[in-house]
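Residue numbers (our numbering): 1 to 127.
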């Protein structure tokens, strides 16, 4: 996959055209198309990588890793009872979330308000 193809793929995930992306980043609208036949400047490539939260190596095809930070649907996480999902996606200061933190997030984003409210009360009563 070429640099252009990776940028096009990432742009599609963000629902933005390659032309719109170029203009948003302060480039000419056809810059990315020129990258099909020329090598990009390091600072331009870094700007694109920062925008998508990926590494420059990912854009260059040197690393097949996924983007560093993909958007997280908090409602989806809040409605999950799978601790692995919570541990993988969310933390507090680099530490795992406490049960109380999880309950607060669930209260804000969950569609199971009644169940969550009762669980939060139960947690407070167990102190």
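Note that the Cβ used here is the ideal one computed from N, Cα and C, for glycine as well.
- When C-alpha distances from residue 2 are compared across 33, 78 and 86, the shortest belongs to 33.
- Residue burial is scored here from C-beta neighbours: residue 22 has at least 16 other C-beta atoms within 10 angstroms and is therefore classed as buried.
- In this structure the stretch 5-19 touches the stretch 48-59; the number of beta carbon pairs closer than 8 Å is three or more.
- Within the stretch 5-70, the runs of alpha helix (DSSP H) that reach at least 4 residues and sit entirely inside it are, in chain order, 18-24, 31-34, 42-52 and 56-60.
- Counting along the chain, no alpha helix (DSSP H) covers residue 72, and no H or E run does either.
- Contact between residue 86 and residue 97 holds: CB atoms are separated by about 6 Å, below the 8 Å threshold.
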